[in-house]
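Line by line, the protein sequences give chains E and Y. Under my numbering, the first residue of the first sequence carries the number 13, and numbering increases by one thereafter. Under my numbering, the first residue of the second sequence carries the number 13, and numbering increases by one thereafter. Heads up: the structure comes next, in structure tokens.
There are 2 protein chains.
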Amino acid sequence: MADLLKGNACIGQSGGPTSVINQSLVGVIEAIQHAPVIDRLLGARHGVRGIVEEKFIDLKSVPFQSLERVADTPAAALGSTRDKPDKAYCEKIFDIFSRNNIRYFFYIGGNDSADTARIINELAMQAKYELRVFHIPKTIDNDLRVTDHCPGYGSAAKFVACAVMGDDRDNASLPGVKIDVIMGRHAGWLTAASTLGRQDESDGPHLVYFPERRISPDKMLADIDAVNRRLGRCVVAVSEGIEDEDGAAWAQKIALGEERDAHGNIQLSGTGALADYLCALVRDKLKIKRVRGDTFGYLQRSFAGFASPVDRMEARMVGNSAVHFVMDGNRDGSVALRRTGEGDQYACECFLASLADVARQTKDLPEEFIDKNGHDVTEAFRSYALPLTGGLPKMGKLF
Amino acid sequence: MADLLKGNACIGQSGGPTSVINQSLVGVIEAIQHAPVIDRLLGARHGVRGIVEEKFIDLKSVPFQSLERVADTPAAALGSTRDKPDKAYCEKIFDIFSRNNIRYFFYIGGNDSADTARIINELAMQAKYELRVFHIPKTIDNDLRVTDHCPGYGSAAKFVACAVMGDDRDNASLPGVKIDVIMGRHAGWLTAASTLGRQDESDGPHLVYFPERRISPDKMLADIDAVNRRLGRCVVAVSEGIEDEDGAAWAQKIALGEERDAHGNIQLSGTGALADYLCALVRDKLKIKRVRGDTFGYLQRSFAGFASPVDRMEARMVGNSAVHFVMDGNRDGSVALRRTGEGDQYACECFLASLADVARQTKDLPEEFIDKNGHDVTEAFRSYALPLTGGLPKMGKLF
Chain E
13 MADLLKGNAC
23 IGQSGGPTSV
33 INQSLVGVIE
43 AIQHAPVIDR
53 LLGARHGVRG
63 IVEEKFIDLK
73 SVPFQSLERV
83 ADTPAAALGS
93 TRDKPDKAYC
103 EKIFDIFSRN
113 NIRYFFYIGG
123 NDSADTARII
133 NELAMQAKYE
143 LRVFHIPKTI
153 DNDLRVTDHC
163 PGYGSAAKFV
173 ACAVMGDDRD
183 NASLPGVKID
193 VIMGRHAGWL
203 TAASTLGRQD
213 ESDGPHLVYF
223 PERRISPDKM
233 LADIDAVNRR
243 LGRCVVAVSE
253 GIEDEDGAAW
263 AQKIALGEER
273 DAHGNIQLSG
283 TGALADYLCA
293 LVRDKLKIKR
303 VRGDTFGYLQ
313 RSFAGFASPV
323 DRMEARMVGN
333 SAVHFVMDGN
343 RDGSVALRRT
353 GEGDQYACEC
363 FLASLADVAR
373 QTKDLPEEFI
383 DKNGHDVTEA
393 FRSYALPLTG
403 GLPKMGKLF
Chain Y
13 MADLLKGNAC
23 IGQSGGPTSV
33 INQSLVGVIE
43 AIQHAPVIDR
53 LLGARHGVRG
63 IVEEKFIDLK
73 SVPFQSLERV
83 ADTPAAALGS
93 TRDKPDKAYC
103 EKIFDIFSRN
113 NIRYFFYIGG
123 NDSADTARII
133 NELAMQAKYE
143 LRVFHIPKTI
153 DNDLRVTDHC
163 PGYGSAAKFV
173 ACAVMGDDRD
183 NASLPGVKID
193 VIMGRHAGWL
203 TAASTLGRQD
213 ESDGPHLVYF
223 PERRISPDKM
233 LADIDAVNRR
243 LGRCVVAVSE
253 GIEDEDGAAW
263 AQKIALGEER
273 DAHGNIQLSG
283 TGALADYLCA
293 LVRDKLKIKR
303 VRGDTFGYLQ
313 RSFAGFASPV
323 DRMEARMVGN
333 SAVHFVMDGN
343 RDGSVALRRT
353 GEGDQYACEC
363 FLASLADVAR
373 QTKDLPEEFI
383 DKNGHDVTEA
393 FRSYALPLTG
403 GLPKMGKLF
């Protein structure tokens, strides 16, 4: 075993929570019980903000039963934050870290959080402060680079797939056009998951629109009209981040939310405006009477009691593995998943990626996952994503 | 055994589907296998519309495995309708019934459907056409009279409770004001179910607004402000049908959907406008930065793979019982549930109510289920509703 730094550890959760982000937290807490070089494990309340405000929870003293219940609870049990530390912010962090002899920092989050971890790591090196920094991945958006997929995605994908499966049966019961707006600011991973429950050729969603393929209102209307003429109904899955042919977001064009967070992101979720706009468009232009829209919203990341069993297990595993990578003497990195089996033999293992490779930039749906018509996924996508849901219910039909 | 009419039977599904309406359908199909007086069981596609268009499915020939899969599938497997038959429509129905020797009619639906059954029954008596008419209850709104509760409600209540439990944890992670708009045109039963997952005094939803208690924008804002000052966050559950102090629906005031169905109902679901309006109000008047809204929409009645086990069983039971009531020689009626045990001993049995007592009018939340402050439920409501969900997950916390 490498000669390890002795001291305390700090852990935080950041960005939009998921259904299984607490599995990763508990994965770290569990594994650290067996890491003798780490004395105390301080949980920072609301991410980096909890560090600079010195709001810590002693996580080694939490009883096992409580931890297991926390692991199965959606959203960030430590609290989350949208803060993105600048240099002054990071200097405060080091001050707190050195006063508390914190030598290990685990940060659970997406690409913005990986970037925060990267910045803190670099500033620590510049300051010659001995610190070990590990990013633990989570995001329902599934848009982190390097890793096969992101913990949190499987559960959100299961939610979206089951929502659209049921919604498709509802639409078959009372036919019309149904538009479902699904989370995904820049990448269509979650919207693509709406297809995972399809069993027959006539099952919805019949049209799927991603940010990766620009779509004009006229083209979308023509697509919907064609499906509606063929089947007498149409279920449409739309990413909240879809773009018009000129590359501008539809949401922006219809004057959605001016609010931006510290990372410069526009608010796309938590409003039904895009769905309502699309419904009005279909109603007005195609003269179809029954047109309904739903915006799946925050339920996609927080719905209780419905996490994917595979996702739960993997989220626990990446937390556990972060501590194992520490004990193996690694200095920094982002825990990533590598697929080691497919289909019924699906399995993953953890490896360590560099923080810089995961930070900032994101990963779109690749070409091989998007159907050549631009409004559907390929079988390759379904084979990739289905195992992450842990399996889906089967729908029965009478005609 | 009474001297029973020999002939064929017809069954239809009507109104807004639920997650377990197919359990009731399969309950009838199952029981009819053992009813020798009934020869064929014709499933009408899209309710009464399927009868007048003579679109039938022979339900006795569907294999058992297919039936079990259909039972566990949300939404109406026969198709549903919003048609409300007038006299001419009913005369067509009798014509079809007599030509097909249909002597038994089972109609699965809410109070509008009970009224349709009542009208058909009366016209049959006037025409001296021997017909047995049974209404089988379903509605996520839980607003049918006579019955203790309605099949379909327990699963929708479970969905809403789990959605708000997770959403409350999400809101605790990233504090602000969160507004959840829940189905319920005239009655607050489903919105009330948002409270069923609360474990601690500080858990959301912190405010619950029903159509049964008029609420002005100023009063709601004052309520939200008070909770936000006390807890630093606020989760609000709002019925889509809430009314202003003058008795006008908020949704109507903000110029929501002009579309009405054949029963004269305004479209409240399938649009995010009420949630967006409430969010803008809170943001503008209370100057709170993080304000989000979700409209739970059609997922409440159609989400796949998440039905309440108690609701599934009871929906099957009311279908089965309808056939047993036929075999016992009853002429007509609406199957209803009577509670025979409470708490851990929760149980229900079926009895037959009169069609007229269930038709048309609905049942609001009674006084004893609404807290005297007007924006919460009582413990009596929670004791009533919790068993119907089949149990809820427990949330874990670190602070």
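C-beta atoms are modelled at their ideal positions from N, C-alpha and C, and glycine is treated no differently.
From residue i to residue j, what does the alpha carbon distance come to, in whole angstroms?
i              : j              : result
residue 385(E) : residue 340(E) : 48 Å
residue 371(Y) : residue 360(E) : 56 Å
residue 208(E) : residue 397(E) : 8 Å
residue 268(E) : residue 367(E) : Here residue 268(E) scores only 49 on pLDDT, less than 50, and its place in the model should not be relied on; the value that follows carries that caveat. Approximately 34 Å between the Cα atoms of the pair.
residue 30(E)  : residue 39(E)  : 15 Å
residue 75(Y)  : residue 47(Y)  : 18 Å
residue 128(E) : residue 344(E) : 13 Å
residue 291(Y) : residue 302(E) : 27 Å
residue 381(E) : residue 142(Y) : 60 Å
residue 322(Y) : residue 399(Y) : 8 Å
residue 139(Y) : residue 43(Y)  : 29 Å
residue 241(Y) : residue 391(Y) : 25 Å
residue 253(E) : residue 173(Y) : 29 Å
residue 152(E) : residue 59(E)  : 18 Å
residue 272(E) : residue 226(Y) : Legend: pLDDT at residue 272(E) = 46, less than 50; position of this residue unreliable, no value from coordinates given.
residue 203(Y) : residue 261(Y) : 16 Å
residue 305(Y) : residue 311(Y) : 16 Å
residue 498(E) : residue 379(E) : As displayed, chain E neither begins before 13 nor continues past 411, which places residue 498(E) out of reach and without an answer.
residue 332(Y) : residue 69(Y)  : 19 Å
residue 133(Y) : residue 102(Y) : 10 Å
residue 131(E) : residue 283(Y) : 42 Å
residue 91(Y)  : residue 67(Y)  : 11 Å
residue 376(E) : residue 201(E) : 8 Å
Taking only beta-carbon positions, decide if residue i is within less than 8 Å of chain E.
i              : result
residue 78(Y)  : yes
residue 287(Y) : yes
residue 90(Y)  : yes
residue 306(Y) : yes
residue 311(Y) : yes
residue 411(Y) : yes
residue 21(Y)  : no
residue 272(Y) : With a pLDDT of 46 at residue 272(Y), under the threshold of 50, the predicted position of this residue should be treated as unreliable, though the coordinate-derived value follows. No, no contact with chain E.
residue 85(Y)  : yes
residue 29(Y)  : yes
residue 327(Y) : no
residue 316(Y) : yes
residue 121(Y) : no
Are the C-beta atoms of residue i and some chain Y residue less than 8 Å apart?
i              : result
residue 36(E)  : no
residue 205(E) : no
residue 283(E) : yes
residue 405(E) : yes
residue 186(E) : yes
residue 249(E) : no
residue 56(E)  : no
residue 139(E) : no
residue 69(E)  : yes
residue 81(E)  : yes
With distance defined between alpha-carbon atoms, name the residue in the options nearest to residue i.
i              : options                        : result
residue 223(E) : 138(E), 193(E), 244(E)         : 193(E)
residue 159(Y) : 77(Y), 234(Y), 126(Y)          : 126(Y)
residue 163(E) : 143(E), 173(E), 82(E), 150(E)  : 150(E)
residue 230(Y) : 294(Y), 176(Y), 191(Y), 246(Y) : 294(Y)
residue 175(Y) : 87(E), 353(E), 26(E), 130(E)   : 87(E)
residue 182(E) : 365(Y), 28(Y), 402(Y), 113(Y)  : 28(Y)
residue 1(E)   : 297(Y), 300(Y), 299(Y), 308(Y) : Outside the shown range of chain E (13 to 411) lies residue 1(E), about which nothing can therefore be said.
residue 211(Y) : 180(Y), 68(Y), 232(Y), 195(Y)  : 180(Y)
residue 19(Y)  : 247(Y), 177(Y), 78(Y), 117(Y)  : 117(Y)
residue 197(Y) : 232(Y), 255(Y), 186(Y), 297(Y) : 255(Y)
Pull up the CB-CB distance for residue i and residue j, whole angstroms please, since I reckon it's below 8 Å.
i              : j              : result
residue 83(E)  : residue 154(E) : Wrong, their Cβ atoms sit about 21 Å apart, outside the cutoff.
residue 327(Y) : residue 405(E) : Actually they are not in contact, since the Cβ atoms of residue 327(Y) and residue 405(E) sit about 17 Å apart, beyond 8 Å.
Quiz item: Which ranges does the alpha helix (DSSP H) cover as unbroken runs of at least 4 residues, wholly within the segment 24-59 of chain Y, from first to last along the chain?
Solution: Inside the segment 24-59 of chain Y, DSSP marks whole alpha helix (DSSP H) runs of 4 or more residues at positions 33-44, from first to last along the chain.
Quiz item: Whole beta strand (DSSP E) runs in the segment 246-325 of chain E with 3 or more residues, listed along the chain?
Solution: Here the runs fully enclosed are 246-251, 303-307.
Self-check item: Any beta strand (DSSP E) of 3 or more consecutive residues that is wholly inside the segment 97-174 of chain Y
Solution: Counting only runs of 3 or more, we get 114-121, 144-149.
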